[in-house]
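Just so we're aligned: 7 in the UniProt record's numbering is position 7 of the sequence shown, and the numbers increase by one with no gaps anywhere. Here the structure is laid out as structure tokens; the discussion comes afterwards.
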Amino acid sequence: MGSFSLRSVSVLAPAPLFQNLNLMIGDADRLGLVGGNGTGKTTLLRCLAGLAEPTSGEVVRSRGLRVGLVEQEVPSNLLGLSLADCVRRALPPADRDSESWRVDLVLDELETPADLRGRPLQALSGGWQRLALIARAWVTDPDALLLDEPTNHLDLAKIGLLEAWVTSPARRIPMVITSHDRQFLDTCTTHTLFLREGISHYYAHPYSRARRLLAEADAAQEAKFAKDSREADRLRQSAHALRNIGINSGSDASQKKAKQMAQRADDLEQTLRRAPVEKPGDIRLANRGTHARVLVRLDDVTVEAPDGRALFRTGKLAILQQDRLIVLGRNGVGKSRFIALLRRAMIEHDSVPGVTISPSVVPGYIDQLMSHLPGGATPLAFIGDSFRLGDQRSRSLLAGAGFAVERQLQPIAQLSPGQKARLGLLALRLLEPNVYLMDEPTNHVDIAGQEKLEAEILAHAATCVLVSHDRRFMKTLGTRFLLIQGGRMTEVDAPEAMRNLSK
């Protein structure tokens, strides 16, 4: 039996994140931790793991609790290790030789090809790096599990494996899961905590049901705010009228009554509290448009790995205006390489044999690691220099995207993954493309931001080629679906392909 107990837990520095959390997470509880970028989800996980201390309150873990933590990013000291050795290092040093069989067992369960196990972690795709972190927690057989964005970079098949592992009846341990994957939260969680700077909300339901209850609570709070505001105004008006009557008539009783009414209005205003408004940042897109109907043609192009190995052939493909193509496939089949190939062909026309680009195409591109952003520059310098904007306009745009003044002057390399994602999306908007090439755009974008991004793509009728493993995102946006499998890319019916890939 294991548990976490939070007693008046608050984190208020360097900025207020959350406060006065009181809850128990016991055996078989799988808590979904939901909140916007920067609301403290990772900080709370670190407090639960004992790697950080709250500003006030305490986290009590049951005695001897072995906690497995799957972090969002691969620690730099693991990148040079082979995949198998990275997992082996998670075992206690005294057990690494005698218990090494456990590593092979876990990697077998994760369907890890033999040739990948000896490769350095830094040479593997983001999906396999993520699986290495999951395997490190899996192999230790923990008493409690903390998962920080565990589905990022994972293909649908691996997400299905992870869901089966998390929800296995044999794994009745406390879990806390932060995720922006709405379907994963619905599948894997039993409880939900919405982290907010003021009052956080806890529900004994998975995400979608909990979110409906939260919306009802917010609506009731907003209605109460409006009602109490009207009552405070009425009391002040009545107090003012009564005070005038008292002054004109010389009635001390009227003036006393007016003071009492004014005090009641003051007391009521002290309790007024509006329902919080989600602030995903100013995620907006633009579309400069084009008269061309066919924007891209591919004539059975070979997509290659960085070392020159052939990954797959595209077959004949035409990308039409307002198409929203979702590229499907398992980790490592070449989805990101396909997006990169399209980008190169669009930037340098006639540079890729077999690819024909309409002269009117203006591409906008983001990759899953936002590696196209200059790490040494600040957001202010990047936006101002890239788009020839003055400081004032750049500062205003960055503030709208959720960047406080101090963040605007911080090197991009030091930003969180969520902040980099917002910066990349802002730059994409300012470019005003007419074809969007997006490789895992929702990996580090919070749920409110994802929904805003979906709405913007639909509102602008944007032409997109998207790599994504977020099932809600794909179902909302996709008009055509391309599956990479067996060395070929073919157009498929989405629901059936997604079901097969999830198995």
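We put the beta carbon where it would ideally sit given N, CA and C, even for glycine.
Worksheet item: With contact counted as at least three CB pairs below 8 angstroms, one residue from each stretch, are the stretch 317 to 324 and the stretch 441 to 451 in contact?
Response: no
Worksheet item: DSSP state of Gln-19, grouped into three classes?
Response: As a first step, residue 19 is located in the sequence shown; it is residue number 19 there, counting from the start. Looking at Gln-19 - three-state DSSP - the assignment turns out to be strand.
Worksheet entry | Length-filtered (3 minimum) beta strand (DSSP E) runs lying within the stretch 283 to 310 | 294 to 299 and 302 to 304, all fully within the stretch 283 to 310.
Discussion item. To the nearest angstrom, how far is the alpha carbon of Glu-49 from that of Leu-105?
Written reply: Translated into the one-based positions of the sequence shown, residue 49 becomes position 49. Translated into the one-based positions of the sequence shown, residue 105 becomes position 105. The residue you asked about is not Glu; residue 49 is Ala in the sequence shown. The C-alpha of Leu-105 is placed about 26 angstroms away from the C-alpha of Ala-49.
Discussion item. Which residue marks the beginning of the alpha helix (DSSP H) containing Ala-123, and which one marks its end?
Written reply: Translated into positions along the sequence shown, residue 123 becomes position 123. It is not in any alpha helix (DSSP H) - Ala-123 carries neither H nor E in the DSSP assignment.
Item to complete: Would you check if there are 3 or more beta carbon pairs closer than 8 angstroms linking the stretch 141 to 161 to the stretch 115 to 124?
Response: As far as the Cβ criterion goes, the stretch 141 to 161 does not touch the stretch 115 to 124, which means the pair count is below three.
Practice prompt. Can you say whether Met-24 is buried or exposed, counting buried as having 16 or more other CB atoms within 10 angstroms of its CB?
Written response: Counting from 1 along the sequence shown, the entry for residue 24 is found at position 24. So Met-24 counts as exposed.
Worksheet item: Taking C-alpha atoms, which residue in Arg-211, Glu-111, Ser-125 and Gly-36 lies nearest to Ser-336?
Response: Within the sequence shown, numbered from 1, the residue matching residue 336 stands at position 336. It is Ser-125 whose Cα lies nearest to the Cα of Ser-336.
Worksheet entry | Inter-residue CB distance, Gln-72 and Thr-42 (contact presumed, cutoff 8 angstroms) | Here the question's residue 72 lines up with position 72 in the sequence shown. Here the question's residue 42 lines up with position 42 in the sequence shown. Confirmed, Cβ separation roughly 7 angstroms.
Fill in: Residue span of the alpha helix (DSSP H) that contains Val-245, given as start and end
Within the sequence shown, residue 245 is the residue found at index 245, counting from 1. The residue you asked about is not Val; residue 245 is Ile in the sequence shown. It spans 207 to 249 - the alpha helix (DSSP H) in which Ile-245 sits, taken as one unbroken run.
Worksheet item: Can you tell me the Cα-Cα spacing of Trp-101 and Ala-421, whole angstroms?
Response: By 1-based counting over the sequence shown, the position of residue 101 is 101. By 1-based counting over the sequence shown, the position of residue 421 is 421. In a straight line, the C-alpha of Trp-101 is about 39 angstroms away from that of Ala-421.
Discussion item. Rounded to the nearest angstrom, what separates Gly-364 and Leu-423 at their Cα positions?
Written reply: In the sequence shown, the residue the question calls residue 364 occupies position 364. In the sequence shown, the residue the question calls residue 423 occupies position 423. Distance between the alpha carbons of Gly-364 and Leu-423 is about 13 angstroms.
Worksheet item: How big is the Cα-Cα spacing for Ile-283 and Gln-263?
Response: Taking the sequence shown and counting its residues from 1, the one referred to as residue 283 is at position 283. Taking the sequence shown and counting its residues from 1, the one referred to as residue 263 is at position 263. Ile-283 and Gln-263: Cα-Cα distance of roughly 44 angstroms.
Worksheet item: Can you pull the DSSP bridge partners for Gly-375?
Response: The sequence position of residue 375 within the sequence shown is 375, counting from 1. Looking at the DSSP assignment, Gly-375 forms no beta bridge with any residue, so it has no partner.
Discussion item. For Phe-382, which residues in the same chain have their Cβ closer than 8 angstroms to its Cβ, ignoring the five residues on either side in sequence?
Written reply: In the sequence shown, the residue the question calls residue 382 occupies position 382. Counting only Cβ-Cβ distances below 8 angstroms, and skipping sequence neighbours, we find Leu-373, Pro-374, Ile-412, Leu-423 and Ala-427.
Worksheet item: What do you reckon, is the C-beta of Thr-190 under 8 angstroms from a heavy atom of the ligand ZN?
Response: For the structure depicted, the ligand ZN is absent and the ligand set is empty, with no information on it obtainable.
Worksheet item: Would you report the Cα separation of Arg-343 and Leu-437, rounded to the nearest angstrom?
Response: Residue numbering aside, residue 343 sits at position 343 when the sequence shown is read from its first letter. Residue numbering aside, residue 437 sits at position 437 when the sequence shown is read from its first letter. Their Cα atoms are separated by approximately 7 angstroms.
Worksheet entry | Buried/exposed call for Val-294, threshold 16 Cβ in 10 Å | Reading the sequence shown from its first residue, position 294 is the one you call residue 294. Val-294 comes out exposed.
Practice prompt. Put Pro-363 into one of helix, strand or coil per three-state DSSP.
Written response: In the sequence shown, counting from the first residue as 1, residue 363 sits at position 363. Strand at Pro-363.
Discussion item. Here's the rule: buried if 16 or more other CB atoms are within 10 angstroms of the residue's CB, otherwise exposed. What is Lys-256?
Written reply: Walking along the sequence shown from the start, residue 256 turns up at place 256. Around the beta carbon of Lys-256, fewer than 16 other beta carbons lie within 10 angstroms, which makes this residue exposed.
Discussion item. Spatial neighbours of Gln-183 within its chain, please: C-beta separation below 7 angstroms, excluding the five flanking residues on both sides.
Written reply: Reading the sequence shown from its first residue, position 183 is the one you call residue 183. Excluding sequence neighbours, Gln-183 sits near Arg-471 and Arg-472.
Item to complete: Go ahead and label Pro-379 buried or exposed: buried means 16 or more other beta carbons lie within 10 angstroms of its beta carbon, across all protein chains shown.
Response: Position 379 of the sequence shown, counted from the start, is the residue given in the question as residue 379. By the neighbour-count definition (other C-beta atoms within 10 Å, threshold 16), Pro-379 is a buried residue.
Discussion item. Quick check on this structure: which residue in Leu-214, Val-303 and Thr-190 has the alpha carbon closest to the alpha carbon of Pro-206?
Written reply: As a position in the sequence shown, residue 206 is number 206, starting the count at 1. Closest option to Pro-206, judged by alpha-carbon separation, among Leu-214, Val-303 and Thr-190: Thr-190.
Worksheet item: Who pairs with His-460 in a beta bridge, going by DSSP?
Response: The sequence position of residue 460 within the sequence shown is 460, counting from 1. Beta-bridge pairing links His-460 to no other residue.
Fill in: Presumed contact (8 angstroms Cβ cut-off) between Thr-328 and Ile-484, rounded CB distance
Position 328 of the sequence shown holds residue 328. Position 484 of the sequence shown holds residue 484. For clarity, residue 328 is Leu in the given sequence; the question names Thr instead. Correct: roughly 7 angstroms between the Cβ atoms.
Item to complete: Can you tell me which of the three DSSP states Leu-369 falls into?
Response: Counted from its first residue, the sequence shown places residue 369 at position 369. Leu-369 falls in the coil class under three-state DSSP.
Item to complete: Determine the extent of the beta strand (DSSP E) in which Thr-178 is found, giving its start and end residues.
Response: Mapped onto the sequence shown, residue 178 falls at position 178. In the DSSP annotation of this structure, the continuous segment of the beta strand (DSSP E) that includes Thr-178 starts and ends at 175 to 178.
Worksheet item: So does the stretch 82 to 102 actually touch the stretch 51 to 61, counting three or more Cβ pairs closer than 8 angstroms?
Response: no
Practice prompt. Report buried or exposed for Asn-22, applying the criterion of at least 16 other Cβ atoms within 10 angstroms of its Cβ.
Written response: Position 22 of the sequence shown, counting from 1, holds the residue named residue 22. Exposed, by the Cβ-count rule.
Worksheet item: In this structure, what does DSSP give as the bridge partners for Ile-484?
Response: For this step, residue 484 is matched to residue 484 along the sequence shown. Answer is Met-489.
Worksheet entry | Bounding residues of the beta strand (DSSP E) (the contiguous stretch that carries residue 521) | Residue numbering for the chain in the displayed model covers 1 to 503; residue 521 lies beyond these limits and cannot be assessed.
Item to complete: Excluding the 5 residues preceding and the 5 following Ala-239 in the sequence, name in chain order all residues of the same chain whose CB lies nearer than 6 angstroms to its CB.
Response: Taking the first residue of the sequence shown as 1, we reach residue 239 at position 239. Correct list, in chain order: Ala-258, Met-261 and Ala-262.
Worksheet item: Taking Cβ to Cβ, would you say Val-296 is nearer than 9 angstroms to Val-355?
Response: For the purposes of this step, residue 296 is taken as residue 296 along the sequence shown, with counting starting at 1. For the purposes of this step, residue 355 is taken as residue 355 along the sequence shown, with counting starting at 1. In contact: Val-296 and Val-355 (Cβ atoms closer than 9 angstroms).
Worksheet entry | Any C-beta of chain B under 9 angstroms from that of Ala-226 | As a matter of chain content, chain B is missing from the structure shown, which is built from one protein chain.
Discussion item. If distances are taken between C-alpha atoms only, which option among Gly-38, Val-333 and Ser-62 comes closest to Leu-6?
Written reply: Indexing the sequence shown from 1 puts residue 6 at position 6. It is Ser-62 whose Cα lies nearest to the Cα of Leu-6.
Item to complete: Identify the continuous beta strand (DSSP E) that holds residue 512 and give its terminal residues.
Response: The first residue shown for the chain is 1 and the last is 503, placing residue 512 beyond what the model contains.
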